[in-house]
Each structure stands twice: as structure tokens, then as C-alpha cells.
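All remarks here apply to the structure that follows.
In the working numbering, the protein residues as written are 3 to 169.
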């Protein structure tokens, strides 16, 4: 089912903006979180590449701290390490076009969802353009956390990030 995300929560969300420059520090439920052009998995993993099954395994961001991407970008990533979970959890992102510093539509340009088991701490989201391609400009990413299978609701937003597509 589709979910609508009410706009004009922008003031509340400003306080939830993650530091994308000094990203190597705890923010919200994350030990660290950053945009990256790719990721490396130094360990063997099961399921989606980078999904870790051993306690000391991790996902390493490639070219971290980036937030501007060329118009022809097919995919970039948000790589993270979460704090230990006390139950299996679902992390999700949805990205939205911005105009004059505001999200203008309830309908996300795209979204990605991953579920982490209690022993999993590392993961990544995939951010890709809509079928018609990126429009140049600023975008906001809303990061959600909830129970596995839960729809995306504004109350579940745990942080935001922004990126720019260069025309």
C-alpha cells in the first residue's frame, strides 16, 4: 500500500537533520551514517550484499561524506552502522524533491527498505533516480525506523539528510 507523508513538518525535521560533514559520530540510532558513492563488504555476508551475520562484520562506505551527485547518477548509497537493536527492526528511507528549502509533495521520488535482525548493525540504502531520471536540484531524504512490515509514517521519521543533483 502507498503511504502519504504529511508536509509542513519541516520545522520539526530541521532539528532532525543529520550532520553530513562530521558523519563519523553517533546520530540518532546510528553509530554513524553517511552518503557514499559505493560500499565495500570486507566480510562474507548472506542475503543482500552487506547484510552481516557475524558480530564484527561491517559495511565500509566508499567516498563518504558526499552530498552532490551528477545528473547521470544511477545509484548512490547511504551506508550506516546502527546501535544494537533490542528487537528486529525495519529501516526505510524516502526521498523527496525540495523547492526553496521545502519538501513540496507528499509523494516520494523513491524509497528503499531494509530489515535488520538483532545481531545485524551494518547496512545500506540504495538511492536511485525515478524512471524519468533525476531533475537537477535539492532533495530531502527522510529516514524511518519501525517494526518489520510497517508503513512509512511521519511519526517514525528519525532523521533527515539532503542531497543535490547537479544539472
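Every residue gets a Cβ at the ideal spot worked out from N, C-alpha and C, and that includes glycine.
Residue i in three-state terms, based on DSSP
i: residue 94; result: strand
i: residue 38; result: strand
i: residue 156; result: helix
i: residue 129; result: strand
i: residue 73; result: coil
i: residue 1; result: Nothing can be reported for residue 1: it is not among the residues displayed for the chain, which extend from 3 to 169.
Closest by C-alpha distance to residue i, when choosing among the options
i: residue 105; options: 40, 169, 162; result: 162
i: residue 166; options: 154, 110, 68, 96; result: 68
i: residue 140; options: 116, 117, 100, 31; result: 100
i: residue 96; options: 86, 87, 107; result: 107
i: residue 62; options: 38, 72, 76; result: 38
i: residue 168; options: 73, 125, 124; result: 73
i: residue 1; options: 158, 138, 131; result: Residue 1 is absent from the structure shown; the chain starts at 3 and stops at 169.
i: residue 77; options: 91, 127, 26, 109; result: 127
i: residue 60; options: 75, 70, 33, 71; result: 33
i: residue 114; options: 147, 70, 90; result: 147
i: residue 134; options: 75, 66, 70; result: 75
Identified DSSP bridge partners for residue i
i: residue 113; result: 96
i: residue 142; result: 98, 164
i: residue 63; result: 41
i: residue 118; result: 91
Expected contact under 8 Å - CB spacing of residue i and residue j to nearest Å
i: residue 117; j: residue 86; result: Their Cβ separation, rounded to whole angstroms, is 15 Å, which puts residue 117 and residue 86 out of contact at 8 Å.
i: residue 175; j: residue 21; result: The requested residue 175 does not occur in the structure, where the chain is confined to residues 3 to 169.
Three or more C-beta pairs closer than 8 Å, one from the region 142-161 and one from the region 119-126: is that the case here? No: fewer than three Cβ pairs fall under 8 Å.
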